[in-house]
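Colleague: Dropping the structure in here first, questions after.
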Amino acid sequence: MWIRLLAKTSFFGKNQTKMKYRTYLIFGAPGAGKGTQGKVLGTIPRFFHCACGDVFRSLDTRTPIGQAFLDYSSRGELVPDEITVKLWMAVIGDMVGMHKFKPDLDALILDGIPRNVQQAEIMRDILDVRKVFHLSCPDREALISRLKKRALKENRFDDANEETIRRRLFTYEEESKPVLDFYGPSKVRHIDATQSPVKVTYDILSELITG
Ligand code: AMP
């Protein structure tokens with residue numbers, strides 16, 4: 023409830039209380055390629071990419087919120103919803119304030135949030151979700167191998183250990199995947215994440231072009 027109030031008072035401004043962000047979600051298991059696709063789409067004019075994991079990784083780990091991120095992510099768990107949504111809204115509010123994200127012109131490309139049904143519910147009043155691109159990769163072992171490679175390349179501690187990776191995939195199945203049902207088949211588009219990155223981009227672009 024308080025987050026809804028926050029949404030209406032702090033970030034949207036008095037004259038824009040009913041405005042929602044036009045949004046496309048990039049959705050999928052860890053390792054499915056959400057970040058890669060999000061970054062590409064974010065380079066297109068009139069699209070603004072925001073990855074929740076990047077927001078968390080940019081935090082100073084000496085702050086309480088930075089410490090909470092370290093604690094939860096190193097166990098392969100999600101950071102509690104209230105902390106997450108509050109942080110995300112503060113960051114998006116800053117982006118609007120700095121005119122990097124212009125909600126009246128730009129569409130949001132979100133990756134990594136909402137990550138469970140509670141977050142989707144909290145953000146219902148904030149996001150006008152047009153489509154959800156589900157980067158589908160049923161082969162768990164392929165995901166694990168991608169994540170292990172990423173751990174080496176990007177020095178990510180949450181991808182470094184196989185037990186944490188498996189826990190992250192379990193968290194995805196249990197907590198995140200139900201978000202697809204929350205938005206339903208009219209909005210969800212399943213895209214084969216095992217294709218080459220350029221083909222995945224092509225599939226997403228084809229959907230974006232049609233609205
Ligand atoms: P990612 O880079 O999207 O895989 O996120 C890395 C970690 O950040 C996750 O394993 C979670 O611990 C945390 N995180 C990122 N996004 C969220 C979110 N929407 N809700 C809760 N925790 C999140």
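Residue numbers (the numbering used here): 23 to 233.
All C-beta atoms in this analysis are idealised placements derived from N, C-alpha and C, irrespective of residue type, glycine included.
Note that the structure is a prediction, hence the values are computed from the model and not measured.
1. State the DSSP-derived secondary structure class of Asp-128, mapped to helix, strand or coil.
2. Would you list, in sequence order, the uninterrupted alpha helix (DSSP H) runs of no fewer than 4 residues that lie entirely inside the stretch 94-142?
3. Write down the C-beta distance between Arg-68 and Leu-149 rounded to the nearest angstrom, noting that I regard them as a contact closer than 8 Å.
4. What's the C-alpha gap between Arg-172 and Gly-55?
5. According to the neighbour-count rule (16 or more other Cβ atoms, all chains shown, within 10 Å of its Cβ), is Gly-50 buried or exposed?
6. Under 8 Å, do Ile-48 and Ile-131 count as touching if we go by C-beta distance?
7. Return yes when at least one heavy atom of ligand 1 lies under 7 Å from the C-beta of Asp-180, else no.
8. Expressed to the nearest angstrom, what Euclidean distance is found between the alpha-carbon atoms of Asp-225 and Gly-57?
9. At a threshold of 7 Å, does Phe-155 count as lining ligand 1 (C-beta to nearest heavy atom)?
10. Taking C-alpha atoms, which residue in Glu-229, Arg-44, Ala-129 and Arg-79 lies nearest to Asp-180?
11. How far does the beta strand (DSSP E) with Met-50 in it extend, from its first residue to its last?
12. According to DSSP, is Gln-38 helix, strand or coil?
13. Taking DSSP as the reference, what is the three-state secondary structure of Lys-209?
14. Compute the beta-carbon to beta-carbon distance between Ala-129 and Tyr-46, rounded to the nearest angstrom, for a pair I have assumed lies under 8 Å.
15. Run through the stretch 45-84 for me and flag every whole beta strand (DSSP E) of 3 or more residues, listed as ranges in chain order.
16. Assign Thr-85 to buried or exposed, taking buried as 16 or more other Cβ atoms, counted over all protein chains shown, within 10 Å of its Cβ.
Modeller: In brief:
1. Here residue 128 is taken as the residue at index 106 of the sequence shown, counted from 1. Three-state DSSP puts Asp-128 in coil, outside helix and strand.
2. 103-119
3. As a first step, residue 68 is located in the sequence shown; it is residue number 46 there, counting from the start. As a first step, residue 149 is located in the sequence shown; it is residue number 127 there, counting from the start. Actually they do not touch by this definition, with Cβ atoms about 17 Å apart.
4. Numbered from its first residue, the sequence shown carries residue 172 at position 150. Numbered from its first residue, the sequence shown carries residue 55 at position 33. Each residue's alpha carbon lies about 11 Å from the other.
5. As a position in the sequence shown, residue 50 is number 28, starting the count at 1. Buried.
6. One-based indexing of the sequence shown puts residue 48 at position 26. One-based indexing of the sequence shown puts residue 131 at position 109. For Ile-48 and Ile-131, yes; Cβs fall inside 8 Å.
7. The residue you call residue 180 lines up with position 158 of the sequence shown. Answer for Asp-180: yes, Cβ within range of ligand 1.
8. For the purposes of this step, residue 225 is taken as residue 203 along the sequence shown, with counting starting at 1. For the purposes of this step, residue 57 is taken as residue 35 along the sequence shown, with counting starting at 1. Spanning the two alpha carbons is a distance of roughly 16 Å.
9. What you label residue 155 is simply residue 133 of the sequence shown in a count that begins at 1. No, the Cβ of Phe-155 stays beyond 7 Å of every heavy atom of ligand 1.
10. Working through the sequence shown from its first residue, we reach residue 180 at position 158. For the residues Glu-229, Arg-44, Ala-129 and Arg-79, the minimum Cα distance to Asp-180 belongs to Arg-79.
11. Numbered from 1 along the sequence shown, position 28 holds the residue referred to as residue 50. The sequence as given places Gly at residue 50; Met does not occur at that position. Here the beta strand (DSSP E) through Gly-50 covers 43-50.
12. Here residue 38 is taken as the residue at index 16 of the sequence shown, counted from 1. Summary for Gln-38: the model assigns pLDDT 46, below 50, so the residue's position carries little reliability, and this model does not support an answer.
13. As a working note, residue 209 is residue 187 in the sequence shown. Note: Lys-209 maps to coil in three-state DSSP.
14. Mapped onto the sequence shown, residue 129 falls at position 107. Mapped onto the sequence shown, residue 46 falls at position 24. Right, the Cβ-Cβ distance comes to about 6 Å (below 8 Å), so this counts as a contact.
15. 69-73
16. Counting from 1 along the sequence shown, the entry for residue 85 is found at position 63. By the 10 Å Cβ count, Thr-85 comes out exposed.
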